[in-house]
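What follows is one structure encoded as structure tokens, with my remarks underneath.
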Amino acid sequence: MVSRVIPVDPFDLVIFGATGDLARRKIFPGLYRRFRDGQMPEEARIIGAARSEMDDFGFRKQVAAALDEFVPASRRDEASVVDFLERVGYVAIDATGTGGWDALAARMRKETVHAFYFSVGPSLFGALAERLQSHGIADPNSRIVVEKPFGRDLASAQELNATLAEHFEERQIYRIDHYLGKETVQNLMAVRFANILFEPLWNARHIDHVQITVAETVGVGGRGGYYDKSGAMRDMVQNHLMQLLCLIAMEPPYRFDPDAVRDEKLKVIRALEPVGSEDIVRGQYLGHRRKDGTSVNSYLEDVGNPASICESFIALKVNIANWRWKGTPFYLRTGKKLRARASEIAVIFKEPPHSIFGEDESWSPNVLTIRLQPNEGMNMTVMIKEPGPGGMRLTEVPLDMSFAEALGEDGTDIPDAYERLIMDVIRGNQTLFMRGDEVEAAWAWTDPIIAGWEAREDKPRKYDAGSSGPEDALMLLHRDGRRWREIRE
Ligand code: BG6
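Each number in my numbering comes from the position in the sequence shown (counting from 1) with 1186 added on.
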């Protein structure tokens, strides 16, 4: 099955923060891949903007180095890299001053889509938005793309929204949550709403519970300063896990249209019940010494703050107060330095109302698993008769679908979330971006949870790096007679 590549319209894309980590790791490699695939038209231009003084040539060298490092050799070739780099330019800019803005204005062409990617800290969003307008660089058809974190609580998110709204309309603002750009995450909507199979069962009558796991093996790396002020709740749950939960739980939108989809997601967020302390487990990883003498840092060492009580792991039991979901808990967990990199959503169905086979030890519930990464795909377990003459004994078999295999690819060609999302910005499609009210509603739910543990001065439970998280997280399900699925690649 060959995927269709539909070229987008000519555009001028300005990337603020163009020398930063995200631009090097994700944005430029993603743009290159779209170019090589033929999705980016000849007339596309990408303009890097950052503080350092540099000419186009100097910046292209940096971009070339980033492509070398972050695009696998099998996915790039010399000729297309040269072609791509010809479309890349650079303007040194003072985000909060006046330097560089006229030069940038002079570079923008008429009759093309203008997009401005704010790959910078939120403290600069306002200054950039203001200058784009006051220098006449933005027009009513321009789009701005803003990265997370979008605020650190409801008040700061409202302030950011208000600042952006002074200069741009909501239809021009693209708030990225890169989880929405993941192939499997979009497939969730296709699976739910393009098949008759699931919808009749998709409710509290037939679904026992849902588990959403985003497990990482990496620690906080070089981002300790940021992370220690955020923790897993702000860094992952308020955005990524919340979005996954919304896509699983939302009502069918009346069509696949940005506001129709986002309206439905918003209703889910608003229906989330407050989470009590007994339904939250926070954790922080410990370090250890390996046999070969090297060591794995603890969280406290990674962030350089021995007194930190910030969480690198969190597990929560979440209830949705609406007709569809009342009585079906959603268990969420995410953490760093866990035993495997594995993100999945598992929908665990209920028992059939009556077993005609009597008590069968080997009976287990139907489970629909949507694997986000690695090995994107879906798996459904069903019970069948154990093959052979041994009588009517049951056994569980998987109906397994790997997207990579199903698409006839080797798996390395599934587009990265960023490349897909940037092309959506150029197309002017906001479906996979968060609307302002959605982000605010997510913070409105998150804030009291955080305030609760802050008021109680709760300390996170320790867990070993390379484990599945703190023991108490297991209890969160055990006490409900349930079990977490194993974290494995
Ligand atoms: C980011 C978080 O938004 O998502 C990081 O800030 C996290 O802490 C990352 O590591 C995970 O993204 P992915 O695509 O690797 O699952």
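Just so it is clear, CB atoms sit at the ideal spot from N, CA and C, and this is done for glycine as well.
Query	Result
Rounded Cβ spacing between G1312 and T1349 (contact assumed at less than 8 angstroms)	4 angstroms
Three-state class that DSSP yields for I1608 in the structure shown	helix
Where L1585 falls, given that 16 or more other Cβ within 10 Å makes a residue buried	exposed
Inter-stretch contact at 8 angstroms, needing at least 3 Cβ pairs: the segment 1515–1527 / the segment 1393–1405	yes
Endpoints, alpha helix (DSSP H) assigned at G1216	F1214 to R1222
Nearest-angstrom beta carbon gap, T1298 and P1196 [assumed within contact, 8 angstroms]	5 angstroms
Best match in V1306, Q1358, D1325 and P1439 for proximity to E1333 [C-alpha to C-alpha]	V1306
V1553 beta carbon less than 8 angstroms from that of A1532	yes
Cβ-based burial, M1578 [other Cβ within 10 Å; buried from 16]	exposed
Whole-angstrom C-beta distance between L1502 and S1529, which should lie under 8 angstroms	Contact flag wrong, Cβ pair sits at about 16 angstroms.
Segment contact, 8 angstroms Cβ cut-off, at least three pairs: the segment 1488–1495 with the segment 1446–1463	no
Reference A1641, options A1659, I1495 and N1565, closest by Cα	I1495
Touching by the beta-carbon criterion (3+ pairs, under 8 angstroms), the segment 1435–1452 and the segment 1534–1543	no
Pair within 8 angstroms by beta-carbon distance, Y1276 and D1242	yes
Opening and closing residue of the alpha helix (DSSP H) in which I1455 lies	P1444 to R1456
Residue span of the beta strand (DSSP E) that contains N1565, given as start and end	G1563 to K1571
Ranges of the alpha helix (DSSP H) found wholly within the segment 1599–1660, counting only runs of at least 4	1603–1613 and 1622–1642
At least 3 beta-carbon pairs within less than 8 angstroms: the segment 1325–1345 vs the segment 1219–1229	no
Distance, T1480 Cα to I1434 Cα	42 angstroms
Nearest to R1647 (by Cα), restricted to the options F1270, D1658 and G1638	D1658
Proximal residues to G1513 (C-beta, below 7 angstroms), its chain only, five neighbours per side dropped	A1390
Where K1477 falls, given that 16 or more other Cβ within 10 Å makes a residue buried	exposed
Nearest-angstrom Cβ-Cβ length linking L1458 and W1631, presumed shorter than 8 angstroms	5 angstroms
Any non-hydrogen atom of ligand 1 within 7 angstroms of Q1616 CB	no
D1325 versus M1226 - alpha carbon distance	22 angstroms
Within-8 angstroms CB hit, I1534 to chain E	This model lacks chain E altogether; it includes just one protein chain.
E1626 vs A1343 beta-carbon contact at 8 angstroms	yes
Buried or exposed by the 16-neighbour rule on C-beta atoms within 10 Å, applied to R1295	exposed
N1373 versus D1421: straight-line alpha-carbon distance, rounded	24 angstroms
Outcome for A1259 when other beta-carbon atoms lying within 10 angstroms are tallied against a minimum of 16	exposed
Span of the beta strand (DSSP E) around D1263	First-last for D1263: undefined, no H or E at that position.
Per DSSP, cross-strand counterpart(s) of Q1559	S1529
Per DSSP, the bridge partner or partners of L1518	I1398 and L1502
Proximity to F1304 [Cα-Cα], best of R1231, L1199, M1240 and R1527	L1199
Buried or exposed by the 16-neighbour rule on C-beta atoms within 10 Å, applied to F1442	exposed
Cβ-Cβ separation, D1288 to H1321 (assumed contact under 8 angstroms), whole Å	7 angstroms
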